[in-house]
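J.: Pasting a structure below so you can have a look.
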Amino acid sequence: MTITLGIEGTAWAASAAIFDSNSDTVHIETLPYVPDSGGLHPREAADHMRKALPKVLETIFTNLETPPDAVAFSRGPGLGPCLRICATAARALAGTFNVPLIGVNHMLAHLEVGRHFSGFSTPVCLNASGANAHLLSYHDGYYRVLGETMDTGVGNALDKFARHVGWAHPGGPQIEKTAIDGSFFDLPYIVKGMDFSFSGLTTAAITAYDQGHPIEDVCFSLQETIFSILTEVSERALSLLYCDEFILGGGVGNNTRLQDMLETMCTDRGAKFFAPEPRFLSDNAGMIAILGSYMFDVGDTIPIEDSHVLSNFRPNTVKVTWPVPSRSLSTASPSTIQGSEALVEFDANTVWKRRLPKPYRNPAMDLRLRRHRTNVEARLTHEARKIGIPTPLIKGIDPLNFTLEFQKVGDTDLSEGLNQKRVENVVKYLALLHSSGIVHGDPTTRNIRIDSTSDKVYLIDFGLGFHTDNIEDYAMDLHIFKESLVGTSSNYEELWNRAISVYEAQGFPRVLTRLQEIESRGRYL
């Protein structure tokens, strides 16, 4: 039996918890910071943490019958002053009880508490929190970031709109309540592979409100668009990894509309969905204690002198020492594939790709996206073929049924046959696309076909592509391809580092510089 004391203090929640691994029970005490107006103020949050943390610890000790076996604390990411208060308390208690100290990554705690209570093996997890939104899945000793926001966190995006209309922090619950009576209108919908952007969307919602759109309609449309983006990229991650387990984490995960969308998506593709109960979705010490217990069991502790906090603690930098099964990237059915966007059926010579309605999405939004992406895929597949990119020949188009008929190319996906030459060929063809002003939009290892007996590759699925002369868009193509390698390959660094020299040789140094800038925008770097 292990008793773990957990302490959470990344931002707004001063929280302490006891986790008893023998009875699998968790007792949590939390005092939240609620600003008088506007958003979260770091200095006020730290003042709250300093005053509230001793109170929650005093309360939790009344439920502590025996001394803890370990003290776990949220080491990051978060607000530096709040983290330091939390860490100081944890160090003092570990010394007082003479027990090991454990530094926990806050974002991985959101994931692991869901895995703990769901019983899932190796799920994809969407962390939808105030300052972040990202997709995680385990591979080769680490939780890999498959996709994330390229600007602002999902909760912050909602809070920005709420502050503009004069609502208190957090804004998400008020937006959810107001959206019930709203009607839909189009707002910017930005998906880049499994990455996404919210800043322009929030600005558009604010502009619509200022121009007189009813606030109910703005809230409804803002919420529908943000959550549809999150659900779409979640499905893309499940499809990339042939995964059938999905977990939702983070405070924004309390939104019932987001939960409904994700559960509908999972049900539609035969995957299992799990969202923890509300007390484990919002920031809390219970999840810190649970992951801390896992780490304690394998001896993953930290000396007090090394326990400095990490404000920018990326989840994909944490070596996973506790037990997590490895996923086998098994192939799909030989005649039918349920992709992230479409049902794909094929025989020996022909592929039929039909974009089916997405039940989770607003019907007007869904119709617009399916029509646009079907047309774009047909046009860009043809244009790419004309400039020398190996793509399938288009045999037919049925726009009324959102169906494309292609020549069958390759015998498997790149994810099933990664090697250096094939990866280099992909990068070479991306450079050729970019030199012609075309962006693929979703060049993952599932959207590239190969002949298993040769190094030939074929680019498919141009539905998110477009014409552009913006080096940012070219760099995003490379970023998306690299992310998919990270999520599916054990030697992605070697594959990528050698392949990127092929792109550089095409004379695009500014694109590679921009790629470095894009990678530096990831939350908590």
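In the numbering used here, the protein residues as written are 744 to 1268. Each residue gets a CB set at the ideal place from its N, CA and C atoms; glycine is no exception. Predicted model only: the values in this text are computed from it and were never measured.
#1: Taking Cβ to Cβ, would you say residue 998 is nearer than 8 Å to residue 915?
#2: Which same chain residues end up closer than 7 Å to residue 752 when comparing Cβ atoms and leaving out the 5 residues on each side of it in sequence?
#3: What span of residues does the beta strand (DSSP E) with residue 1149 cover, start to end?
#4: Work out the CA separation of residue 985 and residue 1075 for me, nearest whole Å.
#5: Just the Cα atoms here: how many angstroms apart are residue 807 and residue 835?
#6: Could you name the residues of the same chain whose beta carbon sits closer than 6 Å to that of residue 1218, not counting the 5 residues immediately before and after it, in chain order?
#7: Would you list the one or two residues that DSSP bridges to residue 885?
#8: Helix, strand or coil, according to DSSP, for residue 1075 in the structure here?
#9: Between which two residues does the alpha helix (DSSP H) carrying residue 867 extend?
#10: Report buried or exposed for residue 1164, applying the criterion of at least 16 other Cβ atoms within 10 angstroms of its Cβ.
#11: So, are the CB atoms of residue 1145 and residue 1122 less than 8 Å apart?
#12: If you follow the beta strand (DSSP E) that residue 848 is in, where does it begin and where does it stop?
#13: Apply the 10 Å Cβ neighbour rule to residue 1136 and answer buried if 16 or more other Cβ atoms are within range, or exposed otherwise.
#14: Does the Cβ of residue 1150 have 16 or more other Cβ atoms within 10 Å, making it buried, or fewer, making it exposed?
#15: Can you tell me whether residue 1157 is buried or exposed, with buried defined as 16 or more other CB within 10 angstroms of its CB?
#16: Spell out a yes or no on whether the segment 978-997 and the segment 1008-1018 are touching, meaning 3 or more CB-CB pairs, one atom from each, closer than 8 Å.
#17: Measure how close the beta-carbons of residue 892 and residue 970 come, nearest whole angstrom, since I'm counting them as under 8 Å.
#18: On a Cα-Cα basis, can you pick out the residue from 886, 837 and 964 that is closest to residue 858?
#19: Let's test the definition: count the other Cβ atoms within 10 Å of the Cβ of residue 801 and tell me whether it reaches 16, buried, or not, exposed.
#20: In angstroms, rounded to a whole number, what distance separates the CA positions of residue 1152 and residue 1120?
#21: Between which residues of its own chain and residue 865 is the CB-CB distance below 8 Å, once the five residues before and five after are set aside?
#22: Taking DSSP as the reference, what is the three-state secondary structure of residue 1227?
#23: My guess is that residue 692 and residue 994 are in contact by the Cβ rule of under 8 Å, so how many angstroms apart are they, rounded?
#24: Report the rounded CA-to-CA distance for residue 967 versus residue 927, giving the unit in angstroms.
#25: Where does residue 938 land, buried or exposed, given buried means 16+ other C-beta within 10 angstroms?
#26: Go ahead and label residue 1028 buried or exposed: buried means 16 or more other beta carbons lie within 10 angstroms of its beta carbon, across all protein chains shown.
#27: Check whether the Cβ atoms of residue 1221 and residue 1166 lie closer than 8 Å to each other.
#28: Which residue comes first and which comes last in the alpha helix (DSSP H) that contains residue 791?
#29: Round the Cβ separation of residue 1181 and residue 1127 to the nearest angstrom and send it over; I've been treating them as touching at under 8 Å.
#30: Quick one: complete beta strand (DSSP E) runs, 3+ long, within the segment 1083-1129?
#31: With which residues is residue 1192 paired in a DSSP beta bridge?
#32: Run through the DSSP bridge pairs and tell me what residue 1260 is partnered with.
#33: Let's test the definition: count the other Cβ atoms within 10 Å of the Cβ of residue 899 and tell me whether it reaches 16, buried, or not, exposed.
#34: How about residue 1085 and residue 1096: do their beta carbons lie closer than 8 Å?
#35: Here's the rule: buried if 16 or more other CB atoms are within 10 angstroms of the residue's CB, otherwise exposed. What is residue 785?
T.: Taking the coordinates as given:
#1: Residue mapping note: residue 998 aligns to position 255 of the sequence shown, counting from 1. Residue mapping note: residue 915 aligns to position 172 of the sequence shown, counting from 1. In this structure, residue 998 sits near residue 915, with a CB-CB distance shorter than 8 Å.
#2: Start at 1 with the first residue of the sequence shown, and residue 752 comes out as number 9. Around residue 752: 792, 796, 817, 825, 826, 828 and 829.
#3: Mapped onto the sequence shown, residue 1149 falls at position 406. Note, residue 1149: beta strand (DSSP E), 1146-1150.
#4: Here residue 1075 refers to the residue found at position 332 of the sequence shown. Here residue 985 refers to the residue found at position 242 of the sequence shown. Confidence is the limiting factor: at residue 1075 the pLDDT is only 49, short of 50, which leaves the residue's position unreliable, though a coordinate-based value still follows. Straight-line Cα distance between these residues: approximately 7 Å.
#5: Here residue 807 corresponds to residue number 64 of the sequence shown, with the count starting at 1. Here residue 835 corresponds to residue number 92 of the sequence shown, with the count starting at 1. Approximately 17 Å between the Cα atoms of the pair.
#6: What you label residue 1218 is simply residue 475 of the sequence shown in a count that begins at 1. The residues are 1254, 1257, 1258 and 1261.
#7: Taking the first residue of the sequence shown as position 1, residue 885 is located at position 142. In DSSP, residue 885 forms a bridge with 882.
#8: Residue numbering aside, residue 1075 sits at position 332 when the sequence shown is read from its first letter. Low per-residue confidence applies at residue 1075: pLDDT is 49, beneath 50, and the placement is therefore not dependable enough to give any value.
#9: Taking the sequence shown and counting its residues from 1, the one referred to as residue 867 is at position 124. For residue 867, no alpha helix (DSSP H) segment is defined; the enclosing uninterrupted segment is the beta strand (DSSP E) at 867-871.
#10: Position 421 of the sequence shown holds residue 1164. With fewer than 16 Cβ atoms within 10 Å of its Cβ, residue 1164 is classed as exposed.
#11: By 1-based counting over the sequence shown, the position of residue 1145 is 402. By 1-based counting over the sequence shown, the position of residue 1122 is 379. It is not a contact, given that the beta carbons lie outside the stated cut-off.
#12: In the sequence shown, residue 848 corresponds to position 105, counting from 1. Unbroken beta strand (DSSP E) run through residue 848: 844-848.
#13: Indexing the sequence shown from 1 puts residue 1136 at position 393. The residue is exposed, with fewer than 16 neighbouring Cβ atoms inside 10 Å.
#14: Position 407 of the sequence shown, counted from the first residue, corresponds to residue 1150. Residue 1150 is exposed by the Cβ-count criterion.
#15: Within the sequence shown, numbered from 1, the residue matching residue 1157 stands at position 414. Classification of residue 1157: buried, given that the 10 Å Cβ count is 16 or more.
#16: yes
#17: In the sequence shown, counting from the first residue as 1, residue 892 sits at position 149. In the sequence shown, counting from the first residue as 1, residue 970 sits at position 227. About 13 Å separates the two Cβ atoms, so there is no contact after all.
#18: In the sequence shown, the residue the question calls residue 858 occupies position 115. The shortest C-alpha separation from residue 858 is found at 886.
#19: Translated into the one-based positions of the sequence shown, residue 801 becomes position 58. Exposed, because fewer than 16 other Cβ atoms sit within 10 Å of the Cβ of residue 801.
#20: Against the sequence shown, residue 1152 aligns to sequence position 409. Against the sequence shown, residue 1120 aligns to sequence position 377. Rounded to the nearest angstrom, the two C-alpha atoms are 16 Å apart.
#21: Your numbering for residue 865 matches position 122 in the sequence shown. Counting only Cβ-Cβ distances below 8 Å, and skipping sequence neighbours, we find 880, 881, 986, 988, 1067, 1068, 1069 and 1070.
#22: Within the sequence shown, residue 1227 is the residue found at index 484, counting from 1. Residue 1227: helix per DSSP, three-state reduction.
#23: Here the chain covers residues 744 to 1268 and nothing more, so residue 692 does not appear.
#24: Within the sequence shown, numbered from 1, the residue matching residue 967 stands at position 224. Within the sequence shown, numbered from 1, the residue matching residue 927 stands at position 184. Each residue's alpha carbon lies about 8 Å from the other.
#25: For the purposes of this step, residue 938 is taken as residue 195 along the sequence shown, with counting starting at 1. Around the Cβ of residue 938, a 10 Å sphere holds 16 or more other Cβ atoms; the residue is buried.
#26: Here the question's residue 1028 lines up with position 285 in the sequence shown. Classification of residue 1028: buried, given that the 10 Å Cβ count is 16 or more.
#27: As a position in the sequence shown, residue 1221 is number 478, starting the count at 1. As a position in the sequence shown, residue 1166 is number 423, starting the count at 1. No; because the gap between Cβ atoms is not below 8 Å, this pair is not in contact.
#28: Within the sequence shown, residue 791 is the residue found at index 48, counting from 1. Residues 785-804.
#29: Against the sequence shown, residue 1181 aligns to sequence position 438. Against the sequence shown, residue 1127 aligns to sequence position 384. About 6 Å; that satisfies the 8 Å criterion.
#30: 1085-1089 and 1093-1098
#31: Within the sequence shown, numbered from 1, the residue matching residue 1192 stands at position 449. For residue 1192, the beta-bridge partners assigned by DSSP are 1156 and 1201.
#32: Residue mapping note: residue 1260 aligns to position 517 of the sequence shown, counting from 1. DSSP output for residue 1260 lists no bridge partner at all.
#33: As a first step, residue 899 must be located in the sequence shown, where it is residue number 156. Counting of Cβ neighbours within 10 angstroms places residue 899 among the buried residues, the total reaching 16 or more.
#34: Here residue 1085 is taken as the residue at index 342 of the sequence shown, counted from 1. Here residue 1096 is taken as the residue at index 353 of the sequence shown, counted from 1. Yes.
#35: Residue 785 sits at position 42 when you count from the first residue of the sequence shown. Residue 785 should be labelled exposed.
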